[in-house]
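Numbering (the working numbering), first residue to last: 5 to 335. A virtual CB, placed ideally from N, CA and C, is assigned to each residue, including glycine. For reference, the structure discussed in these notes is given below.
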Ligand code: ADP
Ligand code: TRP
């Protein structure tokens with residue numbers, strides 16, 4: 005990590021295979037920005053505990069995300085890659101934030117409200133989710149956080165936490181800003197809702213060709229025939245073409261949609277081919293990396309040590325400013 009650069013942080017929960025929504029909404033930016041920023045990318049395994057209670061599964065998913073990160077092109081020489089639980093200081097900092105925030109404030113968080121609306125039994129971890137996320141971000145003096153649109157409110161909460169803490173104890177935390185790519189705000193899933201691991205509507209980033217075909221062919225379309233004029237903006241297949249076609253191809257497709265002359269079946273076949281062409285090299289790279297588990301574990305170990313040292317350095321200052329540290333000179 006080069007000195008003098010702004011700091012970038014982000015993470016993904018180890019809760020299942022990443023999909024193209026995760027990739028275009030967030031993960032690709034981790035790679036695109038790794039030369040420009042001093043980057044920290046972690047595996048949010050503490051956040052995953054809100055839903056994952058199977059330890060074997062959590063371990064496997066955690067290793068999988070590490071492999072995914074390397075497969076998409078994160079370079080451990082440029083980006084500090086680690087698992088969240090290797091910086092337990094974030095839980096300590098989250099506690100401090102908890103003592104500054106109010107219950108009604110956290111009750112306004114979308115993720116919590118959604119869970120309540122679904123009549124789910126909400127554990128306290130879900131309620132506290134944004135507080136821990138604020139700690140992840142603020143502990144490393146992060147300037148920017150590349151995420152998908154659904155995470156925007158969480159970054160806003162992190163800014164609020166920084167403001168509250170600074171106001172109460174003195175200037176110590178930076179105010180972070182989200183980076184959300186226009187046009188990639190919400191990648192739609194095969195059913196038209198936001199693509200999400202929770203909805204069973206994903207196209208996994210490292211899917212096999214068969215899986216890609218199955219997912220794309222399952223996208224519902226209207227009953228227009230080949231010759232009918234179609235509105236591309238109302239078609240989910242077209243929405244996905246936007247991610248995988250160059251401008252010229254997309255313009256051609258749009259024209260065919262608008263004038264008539266392409267059926268949904270053909271459109272889907274083109275999409276399958278384009279997704280496969282785009283993802284095949286990533287898939288191959290992933291398979292290679294997965295063969296050497298030990299190197300991945302070593303990389304995570306090393307990253308964890310460095311991230312922990314960095315977090316601890318910050319927390320020493322935080323503990324002092326809050327009044328937890330005792331020394332003769334500070335009394
Ligand atoms: P999921 O909803 O599938 O569980 P995560 O919560 O693990 O996804 O999200 C990981 C990252 O990917 C976050 O930054 C999130 O904002 C982004 N992301 C997830 N789904 C989408 C989507 N459909 N479109 C754009 N970004 C997304
Ligand atoms: N909440 C994020 C997600 O669902 C994961 C996450 C946890 C995160 N802590 C973070 C993202 C800090 C960015 C910064 O994807």
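Which residue marks the beginning of the beta strand (DSSP E) containing residue 4, and which one marks its end?
Nothing about residue 4 can be read from this structure; the chain reaches only from 5 to 335.
Pull up the CB-CB distance for residue 221 and residue 272, whole angstroms please, since I reckon it's below 8 Å.
Taking the chain shown and counting its residues from 1, the one referred to as residue 221 is at position 217. Taking the chain shown and counting its residues from 1, the one referred to as residue 272 is at position 268. Sure, about 6 Å apart at Cβ, within 8 Å.
Are the CB atoms of residue 13 and residue 53 nearer to each other than 8 Å?
One-based indexing of the chain shown puts residue 13 at position 9. One-based indexing of the chain shown puts residue 53 at position 49. Not a contact, by the Cβ cut-off of 8 Å.
Does the Cβ of residue 203 have 16 or more other Cβ atoms within 10 Å, making it buried, or fewer, making it exposed?
Taking the chain shown and counting its residues from 1, the one referred to as residue 203 is at position 199. Residue 203 comes out exposed.
Counting only the same chain and skipping the five closest in sequence on each side, list residues whose C-beta sits under 6 Å from that of residue 294.
Looking up residue 294 in the chain shown gives position 290. The answer, listed in chain order, is 71.
Any heavy atom of ligand 2 inside 7 Å of the beta-carbon of residue 114?
Within the chain shown, numbered from 1, the residue matching residue 114 stands at position 110. Flag unset: Cβ of residue 114 not near ligand 2.
Which same chain residues, not among the five before or five after residue 206, have their C-beta less than 8 Å away from its C-beta?
What you label residue 206 is simply residue 202 of the chain shown in a count that begins at 1. Cβ within range, chain order: 21, 23, 24, 25, 193, 194, 199, 200 and 219.
For residue 303, which of 80, 316 and 313 has the nearest alpha-carbon?
Counting from one through the chain shown, the residue named residue 303 turns up at place 299. Nearest option by C-alpha distance: 80.
DSSP-derived helix/strand/coil call for residue 333
The residue given as residue 333 occupies position 329 in the chain shown. Note: residue 333 maps to helix in three-state DSSP.
With a threshold of 7 Å, establish whether the CB of residue 190 neighbours any heavy atom of ligand 1.
The residue labelled residue 190 in the question sits at position 186 within the chain shown. The answer is yes for residue 190.
When every heavy atom of ligand 4 is checked, does at least one fall within less than 7 Å of the C-beta of residue 140?
Within the structure as shown, ligand 4 is missing, the only ligands being ligand 1 and ligand 2.
What is the DSSP secondary structure of residue 126, reduced to helix, strand or coil?
For the purposes of this step, residue 126 is taken as the residue at position 122 of the chain shown. Three-state DSSP puts residue 126 in coil, outside helix and strand.
Could you have a look at residue 94 and say whether DSSP puts it in helix, strand or coil?
Translated into positions along the chain shown, residue 94 becomes position 90. Residue state, collapsed to three classes: helix.
At the level of alpha carbons, what is the spacing between residue 133 and residue 51?
If you number the chain shown from 1, residue 133 lands on position 129. If you number the chain shown from 1, residue 51 lands on position 47. Each residue's Cα considered, the two are about 7 Å apart.
If we ignore side chains and look at the alpha-carbon of each, how far apart do residue 93 and residue 319 end up?
The sequence position of residue 93 within the chain shown is 89, counting from 1. The sequence position of residue 319 within the chain shown is 315, counting from 1. Taking the straight line joining both Cα atoms gives about 7 Å.
Find the nearest neighbour of residue 131 within the set 141, 143 and 102, judged by alpha-carbon distance.
Here residue 131 refers to the residue found at position 127 when the chain shown is read from its first residue. Out of 141, 143 and 102, 102 has the C-alpha closest to the C-alpha of residue 131.
What's the gap between the Cα of residue 73 and the Cα of residue 155?
By 1-based counting over the chain shown, the position of residue 73 is 69. By 1-based counting over the chain shown, the position of residue 155 is 151. Approximately 19 Å between the Cα atoms of the pair.
Per DSSP, residue 45 is paired with what?
The residue labelled residue 45 in the question sits at position 41 within the chain shown. DSSP, once it has assigned bridges, lists 14 and 85 as partnering residue 45.
With H, G and I counted as helix, E and B as strand and the rest as coil, what does DSSP make of residue 253?
For the purposes of this step, residue 253 is taken as residue 249 along the chain shown, with counting starting at 1. It is helical.
My output table needs one value for residue 289: the three-state DSSP class, helix, strand or coil.
As a working mapping, residue 289 is identified with position 285 in the chain shown. It is helical.
Please tell me whether, using a cut-off of 7 Å, the distance from the CB of residue 68 to the nearest non-hydrogen atom of ligand 1 is below it.
The residue you call residue 68 lines up with position 64 of the chain shown. The answer is no for residue 68.
Is any heavy atom of ligand 1 found at a distance shorter than 7 Å from the C-beta of residue 73?
Counting from one through the chain shown, the residue named residue 73 turns up at place 69. No, ligand 1 has no heavy atom inside 7 Å of this Cβ.
Is it right to say residue 314 is buried, meaning 16 or more other beta carbons lie within 10 angstroms of its own, or is it exposed?
For the purposes of this step, residue 314 is taken as residue 310 along the chain shown, with counting starting at 1. It is buried - the Cβ of residue 314 has at least 16 other Cβ atoms within 10 Å.
Between which two residues does the alpha helix (DSSP H) containing residue 238 stretch?
The residue you call residue 238 lines up with position 234 of the chain shown. Per DSSP, residue 238 belongs to no alpha helix (DSSP H) and is neither H nor E.
On the DSSP letters alone, give me the boundaries of the beta strand (DSSP E) that residue 159 sits inside.
The count along the chain shown starts at 1 and reaches residue 159 at position 155. Here residue 159 belongs to no beta strand (DSSP E); instead the alpha helix (DSSP H) covers 156-173.
Residue 40 by DSSP, collapsed to three states: which one?
By 1-based counting over the chain shown, the position of residue 40 is 36. Coil.
For residue 183, write down the residues that DSSP places opposite it in a beta bridge.
Reading the chain shown from its first residue, position 179 is the one you call residue 183. 150.
Rounded to whole angstroms, what is the Cα-Cα separation between residue 332 and residue 56?
Sequence index remark: in the chain shown, residue 332 carries index 328 (1-based). Sequence index remark: in the chain shown, residue 56 carries index 52 (1-based). Roughly 45 Å between the two C-alpha positions.
So which of 85, 312, 298 and 27 has the shortest CA-CA distance to residue 95?
The sequence position of residue 95 within the chain shown is 91, counting from 1. The shortest C-alpha separation from residue 95 is found at 312.
Starting from residue 76, trace the alpha helix (DSSP H) in both directions and tell me its first and last residue.
By one-based count along the chain shown, residue 76 stands at place 72. That run of the alpha helix (DSSP H) goes 59-76.
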